[in-house]
């Protein structure tokens with residue numbers, strides 16, 4: 001996922017902090033990247049969601065840094081219509097949809113060692129994550145080894161936590177990269193007052209795009225504070241809006257002083273207020289809290 005300083009002047013401090021963390025955490029990796037919405041930051045690699053939360057907590061507590069975490073992504077192969085193949089890690093780097101022939105995603109060969117009584121829950125989890133069942137080996141009367149193929153993108157957030165939950169902590173998970181395979185993937189954009197927020201964009205399977213976009217818009221509506229102007233949150237695939245939520249503006253009762261009076265006077269005051277809100281919406285900048293970016297990591301589709 002991406003890590004960005006809330007204050008752009010903290011970029012060098014964040015880089016030094018990440019270098020210190022990497023000295024005593026060999027599983028952590030990072031490299032510089034740039035976001036149109038968030039500026040300069042770093043693309044980081046973790047062992048899982050818990051590892052990511054620990055790194056973020058250490059940055060905040062030990063180094064006194066305020067940071068923003070974006071949605072994790074994997075590396076995709078994009079085959080363009082002219083035959084060229086490019087690697088894409090960030091949704092912002094994805095070419096226009098009308099120039100793409102296909103998008104290939106990394107596929108894993110996975111094995112899960114699980115007690116026999118939890119096989120049903122584990123198989124249901126793999127089905128939810130687009131897993132392809134291969135076979136089951138019963139090692140003895142109480143243990144089984146399940147073989148699956150599934151996309152890497154489906155395990156980079158909360159898969160391991162969910163697996164431990166459905167197996168009461170008894171399942172062990174092992175995987176290796178198998179191949180790159182074409183899939184029906186689309187870029188899902190989140191628009192805040194019609195402006196794309198690339199830090200919340202994601203490359204996602206077409207079948208999950210509507211549910212994911214609707215859930216994220218709903219969470220953003222709860223987390224983005226009310227402004228003096230209306231905030232419209234939209235999820236879009238290409239030019240099509242698939243979900244929409246509105247954060248209502250604070251509103252002053254401008255006709256309270258009219259005490260009955262002429263209706264045309266009231267309409268004039270309301271019209272003037274509406275025009276003022278419209279100008280504020282054009283010029284105003286919506287502050288998106290850190291919790292809104294974390295909400296994208298918690299969505300369970």
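Numbering (the UniProt record's numbering), first residue to last: 1 to 301. Every residue gets a Cβ at the ideal spot worked out from N, C-alpha and C, and that includes glycine. What you are looking at is a predicted structure, and each value in this text was computed from that prediction instead of being measured.
Flag this pair as yes or no: are the beta carbons of residue i and residue j separated by less than 8 Å?
i	j	result
residue 204	residue 223	no
residue 112	residue 173	yes
residue 122	residue 66	no
residue 49	residue 157	yes
residue 110	residue 175	yes
residue 107	residue 144	no
residue 163	residue 153	no
residue 63	residue 24	no
residue 235	residue 214	yes
residue 103	residue 4	no
residue 199	residue 2	yes
residue 237	residue 193	no
If you count every other CB in all the chains shown that lies within 10 Å of the CB of residue i, and 16 or more means buried, which is it?
i	result
residue 85	exposed
residue 148	buried
residue 70	buried
residue 220	buried
residue 76	buried
residue 124	exposed
residue 33	buried
residue 43	buried
residue 241	exposed
residue 139	exposed
residue 243	buried
residue 169	exposed
residue 165	exposed
residue 131	buried
residue 209	buried
Which residue marks the beginning of the alpha helix (DSSP H) containing residue i, and which one marks its end?
i	result
residue 56	49–62
residue 46	Here residue 46 belongs to no alpha helix (DSSP H), and DSSP marks it neither H nor E.
Starting from residue i, trace the beta strand (DSSP E) both ways and give me its first and last residue.
i	result
residue 202	202–205
residue 76	76–80
residue 22	Where residue 22 is concerned, there is no enclosing beta strand (DSSP E), although the alpha helix (DSSP H) it sits in stretches over 11–23.
residue 237	231–237
residue 3	2–5
residue 226	Segment: none, residue 226 is in no beta strand (DSSP E) and carries neither H nor E.
residue 30	29–35
residue 181	172–183
residue 247	240–247
residue 69	67–69
Would you report the Cα separation of residue i and residue j, rounded to the nearest angstrom?
i	j	result
residue 105	residue 78	9 Å
residue 279	residue 180	With a pLDDT of 42 at residue 279, under the threshold of 50, the modelled position of this residue cannot be trusted; read the value that follows with caution. Computed Cα separation, rounded: 48 Å.
residue 82	residue 135	39 Å
residue 327	residue 228	Residue 327 cannot be examined here, being either before or after the span of the chain that is shown, 1 to 301.
residue 59	residue 17	7 Å
residue 277	residue 146	For residue 277, the predicted structure reports a pLDDT of 45, less than 50, and the residue's modelled location is therefore unreliable. The matter cannot be settled from this model.
residue 53	residue 21	13 Å
residue 73	residue 211	18 Å
residue 226	residue 167	41 Å
residue 115	residue 46	28 Å
residue 133	residue 26	33 Å
residue 55	residue 31	15 Å
residue 254	residue 233	Low local confidence applies: a pLDDT of 47 at residue 254 is under 50, so the model's placement there is unreliable, and no value is given.
residue 195	residue 91	15 Å
residue 41	residue 35	7 Å
residue 151	residue 28	22 Å
residue 80	residue 239	20 Å
residue 191	residue 19	34 Å
residue 216	residue 178	31 Å
residue 61	residue 100	44 Å
residue 97	residue 218	26 Å
residue 206	residue 137	33 Å
residue 94	residue 39	18 Å
Can you confirm whether residue i, when its beta carbon is compared against all beta carbons of chain B, has any partner nearer than 8 Å?
i	result
residue 42	No chain B appears in this structure, which consists of one protein chain only.
Only counting runs of 3 or more residues, tell me where the beta strand (DSSP E) segments fall wholly within the stretch 83–109, in order along the chain.
85–88
Runs of beta strand (DSSP E) lying entirely within the stretch 108–165, each at least 3 residues, in chain order:
132–138, 143–151
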